[in-house]
Amino acid sequence: MTKPSIDMSAPLGATVTLPNPVSTASGCAGNGRELHPFVPLSALGTITTKTVMPYARSGRATPRMAETPSGMLNSIGLQGSGIDHFVAHELPWLAEQGARVLVSVAGERTEEFAEAAARLKGQPGVVGIEANISCPNVADRGLVFACDPAASYEPIAPYARRPIPRTPSTRSSPRTSPRSSTSPPRAPRRARTGSR
Ligand SMILES: Cc1cc2nc3c(=O)[nH]c(=O)nc-3n(C[C@H](O)[C@H](O)[C@H](O)COP(=O)(O)O)c2cc1C
Numbered sequence: 001m002t003k004p005s006i007d008m009s010a011p012l013g014a015t016v017t018l019p020n021p022v023s024t025a026s027g028c029a030g031n032g033r034e035l036h037p038f039v040p041l042s043a044l045g046t047i048t049t050k051t052v053m054p055y056a057r058s059g060r061a062t063p064r065m066a067e068t069p070s071g072m073l074n075s076i077g078l079q080g081s082g083i084d085h086f087v088a089h090e091l092p093w094l095a096e097q098g099a100r101v102l103v104s105v106a107g108e109r110t111e112e113f114a115e116a117a118a119r120l121k122g123q124p125g126v127v128g129i130e131a132n133i134s135c136p137n138v139a140d141r142g143l144v145f146a147c148d149p150a151a152s153y154e155p156i157a158p159y160a161r162r163p164i165p166r167t168p169s170t171r172s173s174p175r176t177s178p179r180s181s182t183s184p185p186r187a188p189r190r191a192r193t194g195s196r
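Using the UniProt record's numbering, the letters of the sequence shown correspond one by one to residues 1 to 196.
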């Protein structure tokens, strides 16, 4: 691949500099194996993985996809093999490719985001963590995290006040308007003061 003649480097948080700001959208390139035959993963700024949860999950029953006149609708239900399988089988392969990996994590409860993120500590190739807050919060009647400012903040709260080598980011939900969306989420007052 030809080396770009302009500096495309992009900072990611305080400690990481990417060679360029291009990343895949979570899940659109699976965990990289599908994209790998077409483009070297090391040429991307980052690859954002398919969302991974702390445990294996079978996802929704079929049908999961529908064609519409203006595009495709899908509702997969976060099918996946869980974080242990991801760390053992997907990450080592991604690191071998020289990929900078932004790992999308999710959970049905706030603590599960932290659980998945904790398993990524010190893993090779991981440059950041994306909290997929576009999923239902079981502890709040299944309301999507991103639809509530406090619930949006909670998955990243453990990282919000201290500099960490892994950069947290969030991915919101199409069900939130740009005004109500919290990407990146701001700490609601009560969460910031810890009075919840
Ligand atoms: C096949 C497929 C799998 C996806 N998997 C995930 C996923 O695991 N986690 C996630 O946060 N978003 C996932 N998405 C949503 C994409 O990251 C993206 O937000 C969505 O495609 C909308 O972007 P677009 O309007 O540019 O297509 C997936 C999308 C597709 C088409």
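Even for Gly, the Cβ is constructed at its ideal location relative to N, Cα and C.
Only residues of its own chain outside the window of five on either side were considered, and among them T51, S104, A106, R171 have a CB closer than 6 Å to the CB of N132, listed in chain order. Shortest gap from the CB of N137 to any heavy atom of ligand 1: 7 Å or more.
DSSP lists N137 as the bridge partner or partners of L143. Non-local beta-carbon contacts of G30 in its own chain, meaning distances under 7 Å to residues more than five positions away in sequence, involve K50 in chain order. Spanning the alpha carbons of Q79 and I47 requires a straight line of approximately 19 Å. Membership of S104 in the beta strand (DSSP E) is indicated by the continuous run 101-105. Measuring C-alpha to C-alpha distances from L102 to each of T68, L73, L41 identifies L41 as the nearest. For ligand 1, a non-hydrogen atom lies closer than 7 Å to the CB of G27. In this structure, N132 has its CB closer than 7 Å to one or more heavy atoms of ligand 1. Annotated three-state conformation of V87 is helix, per DSSP. Just so you know, the alpha carbons of E154 and T110 end up roughly 6 Å apart.
No Cβ-Cβ contact shorter than 8 Å links I83 with R33. Taking C-beta atoms as the reference points, R60 and S75 count as a pair closer than 8 Å.
Around L18, the same chain offers S9, A10, L12, G45, T46, R100 as residues with beta carbons nearer than 7 Å, after the five sequence neighbours per side are excluded. The beta carbon of L73 sits closer than 6 Å to the beta carbons of A66 from its chain, once the five residues preceding and following it are set aside; these are given in chain order. In the DSSP assignment, N74 forms a beta bridge with M65. DSSP places T110 in the helix class (H, G or I) of the three-state scheme.
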